[in-house]
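Take the sequence shown: its letters are residues 4 to 191, numbered as in the working numbering.
Think of the CB as a built atom: it goes at the ideal place given N, C-alpha and C, for glycine as much as any other residue.
Contents: one structure, followed by commentary.
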Amino acid sequence: MHCEGVIKLVSNEQFDGERRQNSFVNTYRCVHFCLKGNGISTLDVKYGDNTISSSQTTKFLGIYVDRNLRWTSHIDVLCKKLSTSFIVISRIKNIVPRNCVMNVYYSLVYSHLNYNILLWGCSTEISRVFITQKRILRLIFNIHQRTSCTPIFINNYIITLPCLYIYRCLLYVKENEYRFPKLNSNHE
4 MHCEGVIKLV SNEQFDGERR QNSFVNTYRC VHFCLKGNGI STLDVKYGDN
54 TISSSQTTKF LGIYVDRNLR WTSHIDVLCK KLSTSFIVIS RIKNIVPRNC
104 VMNVYYSLVY SHLNYNILLW GCSTEISRVF ITQKRILRLI FNIHQRTSCT
154 PIFINNYIIT LPCLYIYRCL LYVKENEYRF PKLNSNHE
């Protein structure tokens with residue numbers, strides 16, 4: 004059988020050792036990561052007497068990953084969360100002052116946009132999330148849906164989703180400079 008993934012089968016002794024160290028092995032569900040079009044549709048994994056079912060997606064540390072290592076599932080969930088935030092903001096925007104609404108924006112919207120953006124920020128579907136971000140800001144600032152959001156971002160010092168991704172990438176490089184070789188070090 005040709006498989007492009009790696010499966011680690013844990014023996015009972017190793018499993019007991021991991022259990023003592025408070026590790027956890029999910030014996031009910033797994034995701035078989037594979038390249039697109041490799042011809043393998045499912046993979047049955049047995050652990051002891053249990054057959055572990057294969058899943059199309061899994062949630063790991065708040066990030067949804069599918070079997071092809073695409074971010075579509077995560078972006079779907081993120082857009083649903085942002086739509087819920089849109090409803091919350093639409094209900095409170097006429098009741099509380101704008102600075103309170105902006106606090107709600109930063110707690111319900113920005114926190115989700117910022118969470119692990121280094122992983123999913125390069126997705127081809129990030130435009131869906133950016134459109135939702137602009138939709139929420141148009142609601143907060145009472146702007147028509149066809150009006151550009153650029154002045155809103157600039158005048159209120161709100162970072163756009165693409166800029167947030169770039170900022171987080173630069174921050175990661177700055178904090179981990181030792182992992183990136185200097186250009187002149189390659190030409191000795």
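Leaving out the 5 sequence neighbours to the left and right, which residues in its chain are closer than 8 Å to residue i when beta-carbon positions are compared?
| i | result |
| --- | --- |
| Ser-26 | Low confidence applies to Ser-26: its pLDDT is 49, below 50, so where it sits in the model is not reliable, and the reading given next is rough at best. Closer than 8 Å at the Cβ level, and outside the excluded window around Ser-26, lies no residue. |
| Thr-60 | Val-34, Tyr-67, Val-68, Asp-69, Arg-70, Ser-76 |
| Tyr-170 | Ile-162 |
| Phe-183 | Val-176 |
| Met-105 | Ile-143, Asn-159 |
Quick one: Cα of residue i to Cα of residue j, how far?
| i | j | result |
| --- | --- | --- |
| Ser-88 | Ile-134 | 14 Å |
| Glu-128 | Tyr-118 | 16 Å |
| Lys-83 | Arg-149 | 22 Å |
| Thr-153 | Glu-178 | 30 Å |
| Trp-123 | Pro-165 | 11 Å |
| Asn-97 | Leu-186 | 55 Å |
| Leu-140 | Ile-155 | 8 Å |
| Val-112 | Arg-101 | 15 Å |
| Lys-136 | Asn-145 | Checking the sequence, you will find Gln at residue 136 rather than Lys. Approximately 14 Å, taken between the alpha carbons. |
| Arg-138 | Ser-110 | 17 Å |
| Ser-130 | Cys-103 | 27 Å |
| Leu-85 | Ser-114 | 10 Å |
| His-147 | Ile-157 | 17 Å |
Count the other CB atoms within 10 Å of the CB of residue i; is the residue buried (16 or more) or exposed (fewer)?
| i | result |
| --- | --- |
| Arg-70 | buried |
| Gly-2 | Look at the range of the chain in this structure, 4 to 191, and you will see that residue 2 is not part of it. |
| Tyr-181 | exposed |
| Lys-62 | exposed |
| Val-132 | buried |
| Leu-173 | exposed |
| Leu-72 | exposed |
| Val-99 | exposed |
| Ile-78 | buried |
| Ile-92 | buried |
Residues in its own chain within less than 7 Å of residue i by CB, not counting five upstream and five downstream?
| i | result |
| --- | --- |
| Leu-167 | Leu-116, Asn-117, Ile-120 |
Between which residues of its own chain and residue i is the CB-CB distance below 6 Å, once the five residues before and five after are set aside?
| i | result |
| --- | --- |
| Val-80 | Tyr-67 |
Report the CB separation of residue i from residue j in whole angstroms; it is logged as a contact under 8 Å.
| i | j | result |
| --- | --- | --- |
| Ile-95 | Val-107 | 7 Å |
| Trp-74 | Ser-151 | 27 Å between Cβ atoms; not a contact. |
What is the residue span of the alpha helix (DSSP H) that residue i lies within?
| i | result |
| --- | --- |
| Asp-69 | Counting along the chain, Asp-69 falls outside any alpha helix (DSSP H), though it belongs to the beta strand (DSSP E) covering 66-69. |
| Val-104 | 101-108 |
| Cys-166 | 164-178 |
| Arg-138 | 129-143 |
| Asn-182 | Note that residue 182 is Arg in the sequence shown, not Asn. Arg-182 -> no alpha helix (DSSP H), and no H or E assigned at all. |
| Leu-81 | 75-95 |
| Ile-120 | 120-123 |
Taking residue i as part of the beta strand (DSSP E), name the residues at either end of that continuous run.
| i | result |
| --- | --- |
| Phe-63 | 60-63 |
Return yes when the C-beta of residue i is under 7 Å from any heavy atom of the ligand COA, and no when it is not.
| i | result |
| --- | --- |
| Arg-171 | As presented, the structure is devoid of all ligands, the ligand COA included, so that no description of it is given. |
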